[in-house]
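My numbering runs 6 ahead of the 1-based position in the sequence shown. Here a beta-carbon is modelled for each residue, glycine too, at the ideal position from N, C-alpha and C.
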Amino acid sequence: MIGERSGGMVAERWLLREYREGDEEAIIGLHREVFGSEADRRWWEWRYLGGPAGRAIMMLAESNGRIVGQYAVVPVRMKMGHETCLAGLSLDTMVHPDYRGGGMFTRLAEAAYATASERGYRWVYGFPNGNSHHGFVARLGWTDLYDGIPLWVRPLNLGAVIRKRYGSRLVAGAGACAGRVAMGLFLRPRKATGRCSVREIRHFDERFDGLWKDVSERYRIAVIRDRAYLEWRYARRPDAAYTIFAAEDGDRLGGYVVLRAMPRFGLKIGFIMEMVVAGGMVEISRDLIAGSLEFFRRGGMDIVGCLVPPTHPDARLWREMGFLRVPKRALPQDMFWGVRSFLLGDGGAYLTNPSNWYISWGDHDSV
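This is how it looks when you write it as structure tokens:
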């Protein structure tokens, strides 16, 4: 497929094609041009070539021997109801600054969707930012699943959080004192129950397949969080460090939590990437959340955040443990969560109903 870009007096032509071996350095170079940062080659291979569901679909725009555009869809094994489906995570959409405004983004995306549909993908989902959100909805047929993202937070250092918001140490100090009193009066987070043994692990063994089989009926639409996925997502990522805690009742795996500490938005943030617990084990959930808060507190984090859809049964538990849902107007940046369906009829309606979905930070491509 051939496209054109108006460049002064001459129209520059570009070729739309799929990724082939040898394009890696050119794609990484485009990443540097678009985002202003160098993509780690090891991360790129892990994300795009090494996933448990196979290699990503990468539709590229080539002009004069250069890669000047990309639309990528990473395959993900998901469940919808009782069915296992192949879906795609849309991420790292890139158009070189010199080629913007000529429809390249839309043509790359539609080519990627056509290829995905031909290869059995049922939908594509993702987390567009404020710059791209309008294009996804208006030009690519995406449906917003939530007004922003379902972010919950638990402040640990109120002074730092308020200082970041208002830029005043005096206001931060006064607000922190008042906030601590309010949290003590109204939140009163529950403490750990001590009903299980929690230990740090490095890898996911075969018990995690059994745990997913046990809990998967609770999730209508979700990424399949089995051993293969968890090992790839957290144990094999080459450029990030995650801390994994397993909760055990004797030899039985009762649940796990995955954590990451990193600076973001001018704060030291603790991300609860995943928490999955066997059915009926509410005490284990409380122990894992309490342990996560203590881990982040010892690490000097200012705030802890997790993604939990408000309709999910666990939402009440997070509230009991002192977490507050962040309204859209208070999000640190414009964040969106949406889907492009390839399904027809009732399947499409089921897919675009946000109450059917479960997501966590682990589903997001930036953490």
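- In the structure shown, LEU337 falls within a coil segment according to DSSP collapsed to helix, strand and coil.
- Selection PHE271, HIS209, ASP255 evaluated against ILE168 yields PHE271 as nearest (Cα-Cα).
- Here DSSP, grouped into helix, strand and coil, assigns GLU124 to helix.
- DSSP places VAL221 in the uninterrupted alpha helix (DSSP H) bounded by 213-221.
- Put simply, of ARG106, PHE302, LEU294, GLU280 the residue whose alpha carbon is nearest the alpha carbon of GLU39 is ARG106.
- With a 10 Å radius around the Cβ and a threshold of 16 neighbouring Cβ atoms, HIS209 comes out exposed.
- Taking C-beta atoms as the reference points, LEU337 and LEU157 count as a pair closer than 8 Å.
- Linking GLY311 to TRP20 through their CA atoms gives a straight-line distance of about 43 Å.
- Separation of the CB atoms of MET65 and LEU22 is rounded to 7 Å, and the pair is thereby assigned contact status at 8 Å.
- Collapsing the DSSP output to three states places ASP308 in coil.
- Nearest C-alpha to ASP215 among ILE227, ARG258, VAL288: ARG258.
- Around the beta-carbon of GLN76, 16 or more other beta-carbon atoms lie within 10 Å, marking it buried.
- The alpha carbon of LYS274 has as its nearest neighbour, out of PHE302, MET281, ARG331, the alpha carbon of PHE302.
- Annotation: the continuous alpha helix (DSSP H) that includes ARG145 extends over 139-146.
- According to DSSP, THR149 shares a beta bridge with VAL345.
- Leaving aside the five residues that flank GLU24 on each side, the residues in its chain whose CB is nearer than 8 Å to its CB run, in chain order, ILE63, MET64, MET65, LEU66, THR121.
- The shortest C-alpha to C-alpha distance from VAL159 to any of ASP369, PRO333, ASP352 is the one to PRO333.
- Selection ALA45, LEU36, ILE230 evaluated against PRO244 yields ALA45 as nearest (Cα-Cα).
- ASP371: not part of any alpha helix (DSSP H); DSSP gives it neither H nor E.
- The alpha-carbon of GLU116 is positioned some 11 Å away from that of GLY109.
- Under DSSP, the beta-bridge partners assigned to THR249 are LEU265.
- Remark: C-beta atoms of GLY136 and MET279 do not approach each other more closely than 8 Å.
- Within the model, the alpha-carbon separation for ASN359 versus ARG128 is close to 15 Å.
- Approximately 14 Å separates the beta-carbon atoms of VAL80 and TYR119; this is outside 8 Å, ruling out the contact.
- In this structure, the straight-line span from the alpha carbon of TRP343 to that of LEU36 is close to 25 Å.
- A Cβ-Cβ distance of about 13 Å is found for the pair ILE73 and ASP104, leaving them out of contact under the 8 Å criterion.
- The Cβ-Cβ distance between ALA93 and TYR131 falls below 8 Å.
- DSSP, reduced to helix, strand and coil, places VAL74 within a strand of the structure shown.
- DSSP places GLY60 outside any beta strand (DSSP E), giving it a letter other than H or E.
- Nearest to GLY328 by alpha-carbon distance, out of PRO319, ASP340, ARG292, is ARG292.
- Rounded to whole angstroms, the Cβ separation of ARG233 and GLU212 is 6 Å, and the two are in contact under 8 Å.
- The C-beta of GLY57 has 16 or more other C-beta atoms within 10 Å across all chains shown, which makes the residue buried.
- Here PHE348 is not near SER203, since their CB atoms are 8 Å or more apart.
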